[in-house]
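Each remark here refers to the structure printed beneath this line.
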Amino acid sequence: MARRRLGFWSRFAVCLVKPPLIALTKRDWRGWEHIPAEGGVILAVNHVSHADPFTTAHYVYDSGRWPQFLGKESVFRIPLAGKILYWCRQIPVHRGTSDAVKALDAAVEAVRAGGAVVIYPEGTTTKEPDLWPMRGKTGVARLALATGAPVIPIATWGPEKIFDPRTKKVRLMPKIPVSLWAGPPVDLSKWAGAEPSAAVLNEMTDAVMIRLRDLLAEIRGGQAPPIWSPTARNGAGGDTATVEGAR
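Counting along the sequence shown from 1, when you hit position 91 you're at 91 in the UniProt record's numbering, and nothing is skipped either side.
See the structure below:
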């Protein structure tokens with residue numbers, strides 16, 4: 001497993017983060033069999049809360065893989081914490097600058113080196129009122145085209161009970177129910193070897209987001225809405241060059 005090859009700082013991060021999460025959450029985790037035990041893989045996750053990177057990292061680590069997240073570059077400038085993120089092989093994203101494309105290059109390199117790269121296709125926490133997925137941005141499609149790696153959808157529900165992005169309320173109570181379910185790889189074979197045109201990138205992105213929406217509907221129960229709404233359009237501009245497609 002990837003965890004056997006962890007360095008000091010990665011093990012330090014696990015010891016720091018995992019015990020509180022075990023106490024804080026009651027976990028419903030499914031679908032590990034869909035995450036390859038080794039080799040490059042792209043893990044596409046819906047984004048419901050600022051708490052879900054922690055629960056997603058816990059889920060991926062316990063699956064046997066080391067998660068490599070794409071995060072805002074500003075976080076990497078926090079004293080000590082930023083250095084630890086670098087040492088733990090996380091990937092900074094320089095949003096809205098000419099350096100943003102470097103995040104794609106770094107993510108491609110990580111996947112080709114056999115890493116498990118975690119990407120939030122929405123680029124930010126969802127703005128849909130009921131926290132269903134928004135329309136995704138094109139970074140996940142760009143990464144898939146550049147590497148040919150499988151895209152595994154992982155739907156999450158429950159971290160919003162820890163931190164609700166709509167109300168900004170934090171709830172630190174034991175055994176908060178948190179679900180993470182992985183599904184089979186998204187079938188993107190139709191676009192294998194295609195040029196990354198705006199149409200291709202948008203179609204691939206929608207295929208990923210529809211799979212995430214449907215997987216989330218299984219967790220939540222009931223009927224899922226469209227992956228975007230007229231009042232919360234997120235845009236998936238094909239000319240966006242960052243991995244998250246962030247503006």
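Backbone N, C-alpha and C define an ideal beta-carbon position, used for all residues, glycine too.
Given residue i, which residues of its chain have a CB within under 8 Å of its CB, disregarding the five upstream and five downstream residues?
| i | result |
| --- | --- |
| residue 223 | 217 |
| residue 17 | 54, 57 and 58 |
| residue 206 | 135, 136, 227 and 236 |
| residue 84 | 9, 12 and 13 |
| residue 147 | 40, 42, 108, 111 and 112 |
Kindly list the residues whose CB is nearer than 6 Å to the CB of residue i, restricted to its own chain and excluding five residues on each side of it in sequence; keep chain order.
| i | result |
| --- | --- |
| residue 211 | 153 and 186 |
| residue 82 | 76 |
| residue 213 | 133, 224 and 227 |
| residue 105 | none |
Give the C-beta separation of residue i and residue j to the nearest angstrom, bearing in mind that I take them to be a contact with Cβ-Cβ under 8 Å.
| i | j | result |
| --- | --- | --- |
| residue 159 | residue 48 | 6 Å |
| residue 25 | residue 175 | 7 Å |
| residue 204 | residue 141 | 4 Å |
By a C-beta neighbour count over all protein chains shown, 10 Å radius and 16 as the cutoff for buried, is residue i buried or exposed?
| i | result |
| --- | --- |
| residue 130 | exposed |
| residue 11 | exposed |
| residue 63 | buried |
| residue 137 | buried |
| residue 7 | exposed |
| residue 88 | buried |
What's the C-alpha gap between residue i and residue j?
| i | j | result |
| --- | --- | --- |
| residue 20 | residue 118 | 22 Å |
| residue 163 | residue 132 | 16 Å |
| residue 9 | residue 29 | 26 Å |
| residue 220 | residue 155 | 10 Å |
| residue 51 | residue 167 | 14 Å |
| residue 32 | residue 182 | 6 Å |
| residue 172 | residue 139 | 33 Å |
| residue 191 | residue 35 | 22 Å |
| residue 157 | residue 27 | 10 Å |
| residue 195 | residue 46 | 26 Å |
| residue 73 | residue 86 | 11 Å |
| residue 65 | residue 179 | 18 Å |
| residue 15 | residue 37 | 22 Å |
| residue 5 | residue 193 | 33 Å |
Is residue i close to chain B? Criterion is C-beta to C-beta, closer than 8 Å.
| i | result |
| --- | --- |
| residue 31 | The structure shown contains no chain B; it holds only a single protein chain. |
In its own chain, which residues sit with a C-beta less than 7 Å from the C-beta of residue i, not counting the 5 before and 5 after it?
| i | result |
| --- | --- |
| residue 23 | 174 |
| residue 60 | 43, 67, 116 and 118 |
| residue 144 | 42, 151, 188 and 204 |
| residue 209 | 121, 133, 135, 136 and 227 |
| residue 215 | 153, 155, 181 and 183 |
| residue 165 | 49, 50 and 125 |
| residue 231 | Reliability of the predicted coordinates at residue 231 is poor, the pLDDT of 49 falling under 50, and the value obtained from them is presented with this limitation in mind. There are no such residues. |
Can you find at least 3 beta carbon pairs, one from the region 107 to 117 and one from the region 23 to 41, that sit closer than 8 Å? yes
For the pair the region 77 to 85 and the region 125 to 144, tell me if three or more CB-CB distances fall below 8 Å. no
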